[in-house]
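Okay, structure first, notes after.
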Amino acid sequence: MAIEIHWIRDDQTLAEHCQAWRELPYVALDTEFMRVDTFYPKAGLIQIGDGKRAFLIDPLLIRNWQPLAALLEDSGVVKVLHACSEDLEVLLRLTGKLPQPLFDTQLAAGYLNIGFSMGYSRLVQEVLGLELPKGETRSDWLQRPLSETQVSYAAEDAVHLAELFTALRPRLSDDKYAWVLEDGAELVAAMRREVDPQTLYREVKLAWKLSRQQLAVLRELCAWREREARNRDVPRNRILKEHSLWPMAKSQPDNLSALAKIDEMHPRTIRQDGQFLIELIKRAGSQPAEQWPQALPEPLPIEAAGILKRLRAIGQAEGERLQIAPELMLRKKALEALLKSGYPDGPYQLPDALRGWRRERMGQALLDDLAGAGDKP
Numbered sequence: 001m002a003i004e005i006h007w008i009r010d011d012q013t014l015a016e017h018c019q020a021w022r023e024l025p026y027v028a029l030d031t032e033f034m035r036v037d038t039f040y041p042k043a044g045l046i047q048i049g050d051g052k053r054a055f056l057i058d059p060l061l062i063r064n065w066q067p068l069a070a071l072l073e074d075s076g077v078v079k080v081l082h083a084c085s086e087d088l089e090v091l092l093r094l095t096g097k098l099p100q101p102l103f104d105t106q107l108a109a110g111y112l113n114i115g116f117s118m119g120y121s122r123l124v125q126e127v128l129g130l131e132l133p134k135g136e137t138r139s140d141w142l143q144r145p146l147s148e149t150q151v152s153y154a155a156e157d158a159v160h161l162a163e164l165f166t167a168l169r170p171r172l173s174d175d176k177y178a179w180v181l182e183d184g185a186e187l188v189a190a191m192r193r194e195v196d197p198q199t200l201y202r203e204v205k206l207a208w209k210l211s212r213q214q215l216a217v218l219r220e221l222c223a224w225r226e227r228e229a230r231n232r233d234v235p236r237n238r239i240l241k242e243h244s245l246w247p248m249a250k251s252q253p254d255n256l257s258a259l260a261k262i263d264e265m266h267p268r269t270i271r272q273d274g275q276f277l278i279e280l281i282k283r284a285g286s287q288p289a290e291q292w293p294q295a296l297p298e299p300l301p302i303e304a305a306g307i308l309k310r311l312r313a314i315g316q317a318e319g320e321r322l323q324i325a326p327e328l329m330l331r332k333k334a335l336e337a338l339l340k341s342g343y344p345d346g347p348y349q350l351p352d353a354l355r356g357w358r359r360e361r362m363g364q365a366l367l368d369d370l371a372g373a374g375d376k377p
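Per the UniProt record's numbering, residue 1 is the first one in the sequence shown, and the count goes up by one each step.
What follows is the structure, given as structure tokens:
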């Protein structure tokens, strides 16, 4: 069956269609973008499906994104996406807004226990019984004209995404539908939270092994790397390799030849930023002690693995009861944060990462389990 495709290549046509879409109960939304040697994704195409047709918006020709921003924020229209974290980034960059309410079909599949983290083609095959052609993911979406294969691939995505929603929605209980939207809102909230470059040092592998003075250096290196990647619009590793951060903070090289010996240090980095980095390390390392970050906690010991497994089992049991993919129940990060809040002897506190329906349904059981385990070896 041939798909009806409408191109949107100017601001007025986009505004008219956005107005019409705001009368609908839902729209399916997808993006194609390039991100080979840039920090930010470059939008190549925006696809919208209304359940019958595919609309392809050419972002290289649109100047006024306000009508699409208004559609994204219209709470009366559900926005349907699939595994959407990168799509959210593209939309935020283009329009300054994010979709709400957001229905992610990958999450919905998990809530229906069809599968966890399912790829789009597999979900379409599972739910709609359709075999999609191999993806065009490696295509150049910024080239013009787009190939016929690219156009039909993009249009099919928009149409089948809408069909997925109409097939999945009736299978979800009201509770589960609300939870899918709740998780969607959480994805949007996470995307809205601007990452403070000054906090990124905490994510570096083995950072907990560094002294507070070394952490002060690591903090400045990570923050500089992040800001430069954004300003120059290049990937972080093009500025400074991830694996170079820790040894730089540890050994604090004070000349170019010492810097050149650091793991994975690229000659281009030495040429472009070497002298600056040496001065940055010296400046950060000589901050007064009261400005150093607090020492980072050690990771949970191996003995804690058994407790984590037991806590995870609480989520799995609840998942079986609710017929939800177990991986959707209690996330590893939330369980680790819970355990770190009071390990080894308690008292424990539910972390902010455990919220919404998960906190309501499982929070107390987790705390009870840990309280009972407090006295055991």
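Every residue gets a Cβ at the ideal spot worked out from N, C-alpha and C, and that includes glycine.
Residues of its chain near residue i, where Cβ-Cβ distance is below 8 Å and the 5 sequence neighbours each way are ignored
| i | result |
| --- | --- |
| A155 | I3, I5, Q47, A54 and L56 |
| L142 | M34, K42, G44 and L60 |
| E360 | none |
| M191 | S85, L88, E89, L92 and L98 |
| A229 | F39, P235, R236, R238 and I239 |
Simplified DSSP assignment, three categories, for residue i
| i | result |
| --- | --- |
| V234 | coil |
| D345 | coil |
| T31 | strand |
| Q66 | helix |
| F103 | strand |
| L56 | strand |
| K79 | strand |
| K376 | Unreliable placement is indicated for K376, whose pLDDT of 45 sits below 50; no coordinate value is reported for it. |
| E4 | strand |
| L308 | helix |
| I114 | coil |
| C18 | helix |
| Y40 | coil |
| G274 | helix |
| G129 | coil |
| I239 | helix |
| Q252 | coil |
| G49 | strand |
8 Å Cβ cutoff met for residue i and residue j
| i | j | result |
| --- | --- | --- |
| S75 | Q100 | yes |
| S121 | L132 | yes |
| V188 | L328 | no |
| L92 | I62 | no |
| A216 | A284 | yes |
| L300 | E264 | no |
| C222 | V234 | no |
| S139 | Q150 | yes |
| Y153 | V80 | no |
| A334 | A317 | no |
| I239 | L259 | no |
| I281 | P326 | no |
| E242 | L200 | no |
| I262 | S244 | yes |
| R202 | L296 | yes |
Rounded straight-line distance, which links the Cα of residue j to that of residue i
| i | j | result |
| --- | --- | --- |
| G274 | F103 | 47 Å |
| M248 | S211 | 13 Å |
| R358 | F116 | 17 Å |
| P197 | Y40 | 16 Å |
| A167 | W7 | 26 Å |
| M362 | Y111 | 16 Å |
| H82 | L161 | 8 Å |
| E186 | L130 | 31 Å |
| D87 | P288 | 43 Å |
| D345 | E303 | 13 Å |
| E298 | N255 | 31 Å |
| P293 | W246 | 15 Å |
| L72 | N64 | 14 Å |
| S341 | G356 | 19 Å |
| P145 | T269 | 37 Å |
| F276 | G184 | 42 Å |
| L68 | H266 | 42 Å |
| K176 | L330 | 16 Å |
| G319 | Q12 | 48 Å |
Rounded Cβ spacing between residue i and residue j (contact assumed at less than 8 Å)
| i | j | result |
| --- | --- | --- |
| L366 | L338 | 6 Å |
| L164 | V127 | 6 Å |
| A108 | L172 | 6 Å |
Close-in-space but distant-in-sequence residues of the same chain around residue i (CB under 7 Å, 5 per side omitted)
| i | result |
| --- | --- |
| L24 | D50 and V77 |
| K250 | L210 and Q214 |
| V90 | T31, F33, P41 and A43 |
| R310 | D369 |
| I324 | G110, Y111 and N113 |
| D375 | Low local confidence applies: a pLDDT of 44 at D375 is under 50, so the model's placement there is unreliable, with the coordinate-based value given in what follows. Same-chain partners within the cutoff: there are none. |
| Y343 | L300 and A304 |
Same chain, Cβ closer than 6 Å to residue i, five either side skipped, listed in chain order
| i | result |
| --- | --- |
| A58 | Note that residue 58 is Asp in the sequence shown, not Ala. Correct list, in chain order: R9. |
| A305 | none |
| C84 | D104 |
| A371 | none |
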